[in-house]
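Remarks on the structure that follows.
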């Protein structure tokens, strides 16, 4: 049950907008058992749109065409469809009514060109969501469903989940069963992960194992496609166990889980809360923790002490220590972690102080130098790291490492491999 | 000078990984005057790779093929290239040397299959960056350059900037001049922006104007392509002025600028600093402000007072107030803004308290209810909002609105249109 996606828009083909919508559609379809074999991204140019639609119809069981349905001059999908399939454009009264409602609500009057553009659809188009705002529609061509969907992310997402997948199930039957498992790994490079797993890969040849760097993590997926016998299903489970055994604590999360959600669950299991004190990461650590719904059960507070003064005033970092060792030091990281733990009364706390760049480095502490502190009911420790890359990468790696340290500590009391406190 | 990108990888076509690398390549090439007419995303499947490469060569002046160059079993680009172009695979000694170095550094031994996979390149391949880690290479076919690049984002980015663009300039000459201007708008929907700009669009027909929702902003681009006469250049400048005049303060930033960077510059111009007190946004506001390099000149500190206790202890929010009005209230937002301003000694401060969801809503304060406070040298005020969408969207819109309020205030003292403090 292979389909294709054609994504239309100058903003996509010029790289100004990242094509997240095609990825969303492909992922949801894959999970439902319908896979996408090709995604073609083209600009707002009728001859190319016509060519792509005609070529894709010959190869696919279904087609999803996104973008170019809007009211502006660069929206030309309907005209292109009309040419490609030889279907005249006809006025859709349902859409005209919607526009009138919209005019009233926003208190504006659209000109006639605008209205015509939105309401003239290719003959035979079935509007997918007549009560909604955007005019996605379905056209059948020689038994092949062609879904034309708005390119705006939330509108497209609604159409995929509530219209496309249910209709594909009706028309093409339920997709073939697909088993897929994702392992998220932090602390090993793609090459290192591959070297450790290569023997497992050769042992279970019926499966496909993929390796995907996903900064700062490496994701490994195990995929089992088609009608699965009990035997293949069992070897999928076995391969997953073997991967877990081989990578151990380097596996930070599986499937839709995240490092922050896993850390949160470990805190709940330990009946404990965490607080954070940040400097160079500016709130990113707290933000990641509170991305998790329900984090108020285990996240108490965070402070971003960006200046020395704030480190002294809020966290009680001694003035002398800041002068003698500098704000980016093991001593200050330790003091920050202890300060926020004392203030918040949480069992655990994390601190980050470093030089994210692009400026501010010295020969002893170049850009990328980061100290991470952790205070626990037993003791406080700080580790020194040097993270490569841009300001953004340093900040992301620093928060990932801090979370990973806490996760490892809550799991078996271990440190980040290769790092020991001074 | 049109080219194409072919991106290879099951992870892309299944939607597990978002294709950011093709967007990066397209954008950088566009800026250098070489535009991309088509991006084709396909899986790790040799017949389709062969077909796509052969079809694209016939249409394009240059080709960029990304992904599938790695050492794992799913990396099959070299084999596909060999089939598509009829070129045998030959051993590249330079790459073998690199692998030996890597083995020593990581203290692992790769098996022979692995080494062969990385080192066997199609005959005639010129390795682009022989001293680098990844083996991107160039093949010339009938005068058309085919760049094969690693799919890993930072490796691809290096290759595009340091290899592909300089070599295209040598081979195809400098790209035609392109003028493009982007306006970032917050507070108006795409339809509202379009309605306000439609008259400008029709006045300057030589330009193309595009509208792109980019949550929570709408981006408008004005593009002038090809050899530009002084006349067309002038009309581009005129159209941009007309857009600025029409949209006024709804334009939050232009081109590569961001709302947070613009706000930072306004603070510097006012010789002022800002501090923030967050609750439901968990550090996102501080993180956005400190994303800006050099933000230590105008960002003093931030606190994330996630619990009531931390609001009382750090910010001095009165216990009675929390009990009487609840943590999500105009009173508490005001008290949080005043508390952090007093603590930090900054001229300005922002506070956010709300219900990001998915749980925690009540009939009076449903999920999405957010109070934003701002304290200035003159006074403190709080505004009540209701932001639609997911937890993530509520958090993003809340921080965007807080930043926008400060930006407007620093520009002309105004509020968010349509909102007035109680």
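Chains as they are written, first to last, in the working numbering: chain A, 83 to 504; chain B, 83 to 504.
Every residue gets a Cβ at the ideal spot worked out from N, C-alpha and C, and that includes glycine.
CB contact below 8 angstroms: residue i versus chain B
{"i": "residue 339 of chain A", "result": "no"}
{"i": "residue 106 of chain A", "result": "yes"}
{"i": "residue 369 of chain A", "result": "yes"}
{"i": "residue 425 of chain A", "result": "yes"}
{"i": "residue 505 of chain A", "result": "Because chain A here runs from 83 to 504, residue 505 of chain A falls outside it and cannot be looked at."}
{"i": "residue 347 of chain A", "result": "no"}
{"i": "residue 317 of chain A", "result": "no"}
{"i": "residue 448 of chain A", "result": "no"}
{"i": "residue 483 of chain A", "result": "no"}
{"i": "residue 462 of chain A", "result": "no"}
{"i": "residue 372 of chain A", "result": "yes"}
Beta-bridge pairing of residue i - partner residues as DSSP gives them
{"i": "residue 187 of chain B", "result": "Bridge partners of residue 187 of chain B: none, in fact."}
{"i": "residue 352 of chain A", "result": "Paired residue(s): none; residue 352 of chain A is not in a bridge."}
{"i": "residue 262 of chain A", "result": "A/305"}
{"i": "residue 120 of chain B", "result": "A/124 and B/86"}
{"i": "residue 433 of chain B", "result": "B/359 and B/455"}
{"i": "residue 336 of chain B", "result": "B/265"}
{"i": "residue 247 of chain A", "result": "Answer is none; residue 247 of chain A lacks a bridge partner."}
{"i": "residue 384 of chain B", "result": "A/386 and B/358"}
{"i": "residue 208 of chain A", "result": "A/220"}
Chain A contact for residue i (CB, 8 angstroms cutoff)
{"i": "residue 295 of chain B", "result": "yes"}
{"i": "residue 198 of chain B", "result": "no"}
{"i": "residue 292 of chain B", "result": "yes"}
{"i": "residue 366 of chain B", "result": "yes"}
{"i": "residue 194 of chain B", "result": "no"}
{"i": "residue 375 of chain B", "result": "yes"}
{"i": "residue 118 of chain B", "result": "yes"}
{"i": "residue 176 of chain B", "result": "no"}
{"i": "residue 230 of chain B", "result": "no"}
{"i": "residue 112 of chain B", "result": "yes"}
{"i": "residue 132 of chain B", "result": "no"}
{"i": "residue 452 of chain B", "result": "no"}
{"i": "residue 440 of chain B", "result": "yes"}
{"i": "residue 303 of chain B", "result": "yes"}
Neighbouring residues, chain A, relative to residue i (Cβ below 7 angstroms)
{"i": "residue 276 of chain B", "result": "153 and 154"}
{"i": "residue 392 of chain B", "result": "382, 383 and 426"}
{"i": "residue 92 of chain B", "result": "292"}
{"i": "residue 234 of chain B", "result": "295"}
Partner residues on chain B for residue i, Cβ-Cβ distance less than 7 angstroms
{"i": "residue 437 of chain A", "result": "Correct list: empty, because the minimum Cβ distance to chain B is about 11 angstroms."}
{"i": "residue 387 of chain A", "result": "383"}
{"i": "residue 121 of chain A", "result": "95 and 123"}
{"i": "residue 187 of chain A", "result": "Within 7 angstroms Cβ-Cβ: nothing; residue 187 of chain A doesn't reach chain B, min ~10 angstroms."}
{"i": "residue 170 of chain A", "result": "Neighbours of residue 170 of chain A on chain B: none; closest Cβ ~26 angstroms, over 7 angstroms."}
{"i": "residue 405 of chain A", "result": "The contacting residues do not exist; residue 405 of chain A stays about 18 angstroms from chain B at best."}
Test item: CB-CB of residue i and residue j under 8 angstroms
{"i": "residue 363 of chain B", "j": "residue 444 of chain B", "result": "no"}
{"i": "residue 357 of chain A", "j": "residue 422 of chain A", "result": "yes"}
{"i": "residue 386 of chain B", "j": "residue 365 of chain A", "result": "yes"}
{"i": "residue 118 of chain A", "j": "residue 158 of chain A", "result": "no"}
{"i": "residue 488 of chain B", "j": "residue 340 of chain B", "result": "no"}
{"i": "residue 493 of chain A", "j": "residue 294 of chain B", "result": "no"}
{"i": "residue 121 of chain B", "j": "residue 162 of chain B", "result": "no"}
{"i": "residue 475 of chain B", "j": "residue 467 of chain B", "result": "no"}
{"i": "residue 113 of chain A", "j": "residue 268 of chain A", "result": "no"}
{"i": "residue 289 of chain B", "j": "residue 305 of chain B", "result": "yes"}
Nearest-angstrom Cβ-Cβ length linking residue i and residue j, presumed shorter than 8 angstroms
{"i": "residue 218 of chain B", "j": "residue 203 of chain B", "result": "Not confirmed; about 10 angstroms, so no contact."}
{"i": "residue 370 of chain A", "j": "residue 342 of chain A", "result": "5 angstroms"}
{"i": "residue 503 of chain A", "j": "residue 465 of chain A", "result": "6 angstroms"}
{"i": "residue 380 of chain A", "j": "residue 349 of chain A", "result": "4 angstroms"}
{"i": "residue 440 of chain B", "j": "residue 449 of chain B", "result": "7 angstroms"}
{"i": "residue 406 of chain A", "j": "residue 328 of chain A", "result": "About 45 angstroms separates the two Cβ atoms, so there is no contact after all."}
{"i": "residue 320 of chain A", "j": "residue 300 of chain A", "result": "With a Cβ gap of about 22 angstroms, residue 320 of chain A and residue 300 of chain A do not count as contacting."}
Proximal residues of chain B, C-beta to C-beta of residue i below 8 angstroms
{"i": "residue 395 of chain A", "result": "425"}
{"i": "residue 378 of chain A", "result": "388 and 389"}
Under 9 angstroms from the C-beta of residue i: neighbouring residues of chain B
{"i": "residue 285 of chain A", "result": "In chain order: nothing, as chain B lies at least about 13 angstroms away."}
Chain A contact residues for residue i, given Cβ-Cβ distances below 9 angstroms
{"i": "residue 190 of chain B", "result": "273, 274, 277 and 278"}
{"i": "residue 479 of chain B", "result": "Going along chain A, no residue has its Cβ under 9 angstroms from residue 479 of chain B, so there is no contact; the nearest lies around 13 angstroms."}
Closer than 7 angstroms: residue i CB and nearest the ligand SAH heavy atom
{"i": "residue 184 of chain B", "result": "This structure simply doesn't include the ligand SAH, nor any ligand for that matter."}
Partner residues on chain A for residue i, Cβ-Cβ distance less than 8 angstroms
{"i": "residue 109 of chain B", "result": "96, 97 and 98"}
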